[in-house]
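Below you'll find the structure, written out as structure tokens, and then a few comments.
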Amino acid sequence: MRTVSVLALSAILVLSACRTQPVEAPTPLVGPFQVQAREVSGKVLVKVLDSTRGSLPEGTVVTLELATPAGPITARTVVKNGGASLSLTYHRAGQLHYRVTAGQRSQRGMLRLEAGSAVRIHAESQPRAVRVVGGPRPLLVAQPVDRFGNVPVRPVRILTFLPDGTSTRREATPRHLLMWTPLRAGTGVGELKVSVTADATRRELVVTDLLPGAASSGVLEAPAQIAWADAQGGWRLDAENLRDRRGNEIVTGSAVTYIGLGPQDLRFMATVPAIDGEASLNVAPLRAGRYRFFLQAGSLQSARVGLTARPGLRRGSFRVKRQGRVIILGPLVTVHGALVDTGTGVTATVLSAEGRSLREDVIPVVDGRARYEIPVLPPKARFIRFALFGEGVTTPLFKDSR
Amino acid sequence: MKSRILVALMLTGLLTVLGGMLLTGPWVHLQERLQEAALRTEAQAVIQARSLDLSNLNWTPDRTQYVPPAESRRDELADAYKKALLELSYALFTGDTSGLTTYFAQAALDDAIRAAASGNQQRFVTWNHRLALHFYAPQGNIAAFADSYCYAQWAAATLRPMSGRRSVDVVMRLGEDGQWRVHQWRVTLDVALALRRGLDNPESARLWPCRS
């Protein structure tokens, strides 16, 4: 048993011996030294020299430490022949503080790193589209960068082309790693093109849409003043010359609302898109009488246009024929001499002796005739009135009028 | 007696085989895993201390002539910047750079990766951040601001920290994923600042007054 434990112990000892770490030698005392630092194409080069012979003992570890916005970057070497040289790749433009440490001594210094020439430029306009009638001006935001992502503090060349063909040239320098400047948009509609370049970068073209404002002027016109209320014809209502306050045609697709007022408190509203500053709407009246229409779009409210709708049914067309409890109307003929379309609704209103409306039905026209089957009605019902296209007829409910 | 010697011989053989296995494969692996776990625990302490450093990261009056951002937008920006600095401290300490791309891009990302690769368990402490907005894009996707703060850094190679007070111009952009990232920075001013003995450690450096 003893043999076993001895063997086990020795094995553990062998294992643990494998894990011990080497011990560092104590650093020798270091005297004053000189540091020469410079930056050559993205490399920080540091030379360390002894001030007096032997102030930098052979083999002393020398450390170069950079203080960057991202934290420390270090390099180490050892003294050879009374000196040492270190180099670190570092590209960030700006102030760079460094420290050289040898033994118990350290020395701090500063380098000023400059950005190289710009190789590309990032540019955009904010917002991408503006109205030419006022409001905020578009802002050009640009950032030229060199090979390593530094922003050179050198002029950015800005060439502006307005839609009217004029162009202006100017320069602006990035401050705080960014260049921003308002653009003059002018009053014309179209595209504002801005070409941005710095050093030898490719031109970056920034396009801003110059859009017209909301409608502020326009007219409503109706070529025909009179229409028949026969569901066939009607009026064409033209909205023309829809323009913003600078006289630009409003954007295609802007909403134009037609508002109509008709007989018997009829109110009517329809919204259509404007195309090239114009809009059109066909309206077929179903009631005879006076109508008035006007437009609303943006800040525009147009003058009113008065129109007349005449009865659309030939006079005397409402011939009434009875077959028991069924009333047959027709043939119904329009003012143009045609039979009324199948499916057109004839309004049938049941009236009391005093003329009060008791019930209203809409019956369809089939092959020019309408058929009304008298339903079960309240005892006060006496008359019935049929109306279509502004024409009407009132007749007793029953021949033997109770 | 013979059987005893036989058993002893067999045990010796077994131990030799086991020892060999431990020395090469699993033992080394286990050691690495333990070290990693220890480093992660330490990194957590580092991040906690850094959160304290950055607890008073504040905005000072704007230096912008354009429409100032809403308070919530400003907080969003400062919060993203704070998180970026925390992630940077983590990367510098652990050497794990995988999280940096969430908070840094372009030049600043290059710098952060470069610094994290420069050494082990590096400490970079910054405190008393004062932010001043220079530009905030109307669309809310670009911000340029100046940050003045005190810093101290402990590289593994040296014992005494390198410390100072500096001003940095920073440009952050809002990515398409909705994350603000530090894109560019530039040190515009750096002044050496010696920490008093007793406060020259990463946990208490923030107690040293930092006035510009």
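Here the protein sequences come in this chain order: S and F. Okay, so the first sequence: first residue is 1 according to UniProt numbering, each after it adds one. Okay, so the second sequence: first residue is 1 according to UniProt numbering, each after it adds one. Using N, Cα and C, we set each Cβ at its ideal position, and we do this for glycine too.
Which same chain residues end up closer than 7 Å to residue i when comparing Cβ atoms and leaving out the 5 residues on each side of it in sequence?
i: Ala115 of chain F; result: Leu92
i: Val23 of chain S; result: Residue placement at Val23 of chain S cannot be trusted, given a pLDDT of 48 that sits under 50; what the coordinates show is reported in the next sentence. So the list is empty, once near-sequence residues are dropped.
i: Arg245 of chain S; result: Val133, Gly213, Ser216
i: Ala200 of chain S; result: Ser117
i: Pro378 of chain S; result: Leu358
i: Leu109 of chain F; result: Leu100, Thr101
i: Gln48 of chain F; result: none
i: Leu52 of chain F; result: Arg206
i: Ser195 of chain S; result: Leu159, Arg203, Leu205
i: Ser106 of chain S; result: Arg99, Val100
Would you kindly work out how many angstroms separate the C-alpha atoms of residue i and residue j, rounded to a whole number?
i: Arg385 of chain S; j: Arg322 of chain S; result: 14 Å
i: His134 of chain F; j: Asn128 of chain F; result: 19 Å
i: Ala43 of chain F; j: Cys210 of chain F; result: 25 Å
i: Thr252 of chain S; j: Arg131 of chain S; result: 14 Å
i: Val79 of chain S; j: Leu88 of chain S; result: 17 Å
i: Val35 of chain S; j: Thr101 of chain S; result: 10 Å
i: His29 of chain F; j: Ala45 of chain F; result: 25 Å
i: Ala192 of chain F; j: Pro136 of chain S; result: 45 Å
i: Ala155 of chain F; j: Pro161 of chain F; result: 8 Å
i: Gly19 of chain F; j: Gln31 of chain F; result: 15 Å
i: Pro138 of chain F; j: Val67 of chain F; result: 7 Å
i: Gly71 of chain S; j: Val206 of chain S; result: 37 Å
i: Trp180 of chain S; j: Thr64 of chain F; result: 11 Å
i: Gln232 of chain S; j: Val350 of chain S; result: 28 Å
i: Gly178 of chain F; j: Ser167 of chain S; result: 37 Å
i: Ala8 of chain F; j: Lys2 of chain F; result: 10 Å
i: Glu114 of chain S; j: Arg120 of chain S; result: 17 Å
i: His122 of chain S; j: Arg169 of chain S; result: 19 Å
i: Asp146 of chain S; j: Thr60 of chain F; result: 31 Å
i: Asp276 of chain S; j: Thr342 of chain S; result: 39 Å
i: Leu261 of chain S; j: Ala224 of chain S; result: 17 Å
Should residue i go down as buried or exposed, given a rule of 16 or more other Cβ atoms within 10 Å for buried?
i: Ala279 of chain S; result: buried
i: Ser118 of chain F; result: buried
i: Ser254 of chain S; result: buried
i: His97 of chain S; result: buried
i: Glu360 of chain S; result: exposed
i: Asn150 of chain S; result: buried
i: Ala353 of chain S; result: exposed
i: Gln21 of chain S; result: In this predicted model, Gln21 of chain S has a pLDDT of only 47, less than 50, meaning its place in the structure is not dependable enough to derive any value.
i: Arg243 of chain S; result: buried
i: Asn56 of chain F; result: exposed
i: Leu295 of chain S; result: buried
i: Ile226 of chain S; result: exposed
i: Glu373 of chain S; result: exposed
Who are the Cβ neighbours of residue i in its own chain at under 6 Å, not counting the five residues just before and after it?
i: Val187 of chain F; result: Arg166, Val168
i: Pro273 of chain S; result: Gly253
i: Thr77 of chain S; result: Val62, Ala84, Leu86
i: Lys47 of chain S; result: Gln36, Ser85
i: Asp238 of chain S; result: Glu221, Ser280
i: Glu65 of chain S; result: Pro72, Thr74, Arg99
i: Thr394 of chain S; result: Phe383, Arg385
i: Arg108 of chain S; result: Arg99
i: Thr126 of chain F; result: Tyr149, Tyr151
Is the beta carbon of residue j closer than 8 Å to that of residue i?
i: Arg287 of chain S; j: Thr308 of chain S; result: no
i: Gln106 of chain F; j: Leu177 of chain S; result: no
i: Thr60 of chain S; j: Arg92 of chain S; result: no
i: Leu159 of chain F; j: Asp147 of chain F; result: no
i: Val182 of chain F; j: Ala78 of chain F; result: no
i: Val365 of chain S; j: Val335 of chain S; result: no
i: Gly330 of chain S; j: Arg319 of chain S; result: yes
i: Leu332 of chain S; j: Arg369 of chain S; result: yes
i: Gly140 of chain F; j: Pro69 of chain F; result: yes
i: Pro144 of chain S; j: Thr173 of chain S; result: no
i: Val326 of chain S; j: Arg371 of chain S; result: yes
i: Glu171 of chain S; j: Leu111 of chain S; result: no
Do residue i and the ligand PLP come close, with the Cβ less than 7 Å from some heavy atom?
i: Ala117 of chain F; result: This structure simply doesn't include the ligand PLP, nor any ligand for that matter.
Suppose the cutoff is 8 Å on Cβ atoms and the five residues either side in sequence are ignored; what does the same chain contact list for residue i look like?
i: Thr97 of chain F; result: Ala91, Ala112, Ile113, Ala116, Ala117
i: Glu76 of chain F; result: Trp180
Does the contact criterion of 3 or more C-beta pairs under 8 Å hold for the segment 85-98 of chain F versus the segment 8-24 of chain F?
Too few Cβ pairs lie closer than 8 Å, so no.
For the pair the segment 190-199 of chain F and the segment 179-197 of chain S, tell me if three or more CB-CB distances fall below 8 Å.
No: fewer than three Cβ pairs fall under 8 Å.
Is there contact here, the segment 119-126 of chain S with the segment 135-142 of chain S, by at least three beta-carbon pairs under 8 Å?
Inter-segment contact for the segment 119-126 of chain S and the segment 135-142 of chain S is present: three or more beta-carbon pairs are separated by less than 8 Å.
Stretch-stretch touch, CB-based, cutoff 8 Å, three pairs: the segment 302-317 of chain S with the segment 210-226 of chain S
Remark: three or more beta-carbon pairs, one from each stretch, lie closer than 8 Å, so the segment 302-317 of chain S and the segment 210-226 of chain S are flagged as touching.
So, does the segment 386-393 of chain S touch the segment 306-320 of chain S, judging by three or more C-beta pairs under 8 Å?
Yes: the two stretches touch, three or more of their Cβ pairs being nearer than 8 Å.
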